[in-house]
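So the sequences go chain by chain: H and Y.
Note that the first sequence covers residues 1408 to 1540 in the numbering used here.
Note that the second sequence covers residues 1408 to 1540 in the numbering used here.
As structure tokens, the structure follows; a few thoughts come after it.
Protein chains: 2
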Amino acid sequence: MTRMHKENNLSKNQQIIFDLIDKSPEPLKAYTILYNVQKKGINAPPQVYRALDKLVEIGKIHKIESKNAFVACKNSDCEISKATAFSICESCEVVDEISDVKLSKYLSSFNHKKGMKFKRFNLEFFGLCKKCK
Amino acid sequence: MTRMHKENNLSKNQQIIFDLIDKSPEPLKAYTILYNVQKKGINAPPQVYRALDKLVEIGKIHKIESKNAFVACKNSDCEISKATAFSICESCEVVDEISDVKLSKYLSSFNHKKGMKFKRFNLEFFGLCKKCK
DNA sequence: TTACATACTGTTATATTATAACAATTCTAA
DNA sequence: TTAGAATTGTTATAATATAACAGTATGTAA
Ligand SMILES: [Zn+2]
Ligand SMILES: [Zn+2]
Ligand SMILES: [Zn+2]
Ligand SMILES: [Zn+2]
């Protein structure tokens, strides 16, 4: 069997799937990923979902919840901060990860009245991008 | 056929499904809703999803994207503002709609560097609620 | 009233997204 | 080198959501 690619902490399947997502200009869905990696020997949904779960867990990719799709992280500190924000065009469906220190700090320090302490948040903005409006 | 319940703007199926969600202490999933309204003559997924779509559209309920589940709106202005925020306990899964004017204003006036103007946002906070920590 | 448009309903089938379960292999660290 | 942890491969199935089409109810305006 091929050696695992531990020099960068990703296993073989994780690396294949990360590379695909990272190269993609748009969010990729799990089954789109599956179709695109079958030539690399990844044949079944669980193989894809397991790699996706791990990549999300370590902050290399994020799930766009409203689209059931995945994008590569464009920031350096998502793994640590667990603070994600995206802008989503409702027309062309372009998604951008927002990296705004003030926004991130504001939300990370937000305290709920009911005494809940937050560990993580996900924010999705919707509108029309420059091109589409 | 029964008269539509237009006195409050909801159709028969919409009213049945809204009442169920509104009474529920926790977010409800579409198929849980389906099982619970079959005695009222709603038999198939499209009937549920159509009512859910409409109720979301008019702001009577919200979808918790990370859970594929629906809650009744607890605010008065969600229909207008299209600004939703939730706190979600990762242990007991309790979900609360956050109604914080400052937060809502801050996010509603947030402008993306790339020139996108937002019409709507959804924010989900995760952590441990008072009871669970 | 009639006729039309719009919204809603009922139904069957199917598409899409995600996980359970289990056996085998590979990696890591002691 | 060996045991535990992580990863992989595989089959089957669960859970979530929509397509398509025919029919019914409602509001509006001639
Ligand atoms: Zn990121
Ligand atoms: Zn666009
Ligand atoms: Zn609301
Ligand atoms: Zn809790």
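Don't be surprised by glycine CBs; every beta carbon is placed ideally from N, CA and C.
For residue i, which of helix, strand or coil comes out of DSSP?
i, result
"ASN1420 of chain H", "helix"
"LYS1447 of chain Y", "helix"
"LYS1489 of chain Y", "coil"
"ILE1440 of chain H", "helix"
"SER1516 of chain H", "coil"
"VAL1508 of chain Y", "helix"
"ASP1484 of chain Y", "coil"
"LYS1430 of chain H", "helix"
Per DSSP, which residues does residue i bridge with? Please list them.
i, result
"GLY1534 of chain H", "H:CYS1496 and Y:PHE1525"
"ASP1503 of chain H", "H:SER1494"
"LEU1435 of chain Y", "Y:PHE1477"
From which residue to which residue does the beta strand (DSSP E) around residue i run?
i, result
"ASP1460 of chain Y", "Careful: ASP1460 of chain Y lies outside any beta strand (DSSP E), inside the alpha helix (DSSP H) at 1452–1464."
"VAL1478 of chain Y", "1476–1479"
"ILE1468 of chain H", "1468–1471"
Quick check on the burial criterion: 16 or more other C-beta atoms within 10 angstroms. Buried or exposed for residue i?
i, result
"GLN1445 of chain H", "exposed"
"MET1411 of chain Y", "At MET1411 of chain Y the pLDDT is 43, less than 50, meaning the model places this residue with poor confidence; the figure from the coordinates comes in the next sentence. By the neighbour-count rule (16 or more Cβ atoms within 10 Å), MET1411 of chain Y is not buried but exposed."
"VAL1478 of chain Y", "buried"
"CYS1499 of chain Y", "exposed"
"VAL1502 of chain Y", "buried"
"ILE1495 of chain H", "buried"
"ALA1451 of chain H", "exposed"
"ASN1416 of chain H", "exposed"
"SER1511 of chain H", "buried"
"LYS1470 of chain H", "buried"
"VAL1508 of chain Y", "exposed"
"PRO1434 of chain Y", "buried"
Can you tell me whether residue i sits near ligand 3, meaning its C-beta is under 7 angstroms from at least one heavy atom of the ligand?
i, result
"CYS1499 of chain H", "no"
"THR1491 of chain Y", "yes"
"LYS1524 of chain Y", "no"
"HIS1519 of chain H", "no"
"GLU1504 of chain Y", "yes"
Would the beta-carbon of residue i be found less than 7 angstroms away from any heavy atom of ligand 2?
i, result
"CYS1480 of chain Y", "no"
"LYS1354 of chain H", "Because chain H is modelled from 1408 through 1540, residue 1354 of chain H falls outside the range shown and cannot be assessed."
"CYS1496 of chain H", "yes"
"LEU1535 of chain H", "yes"
Less than 7 angstroms between the CB of residue i and some heavy atom of ligand 1, yes or no?
i, result
"GLU1433 of chain Y", "no"
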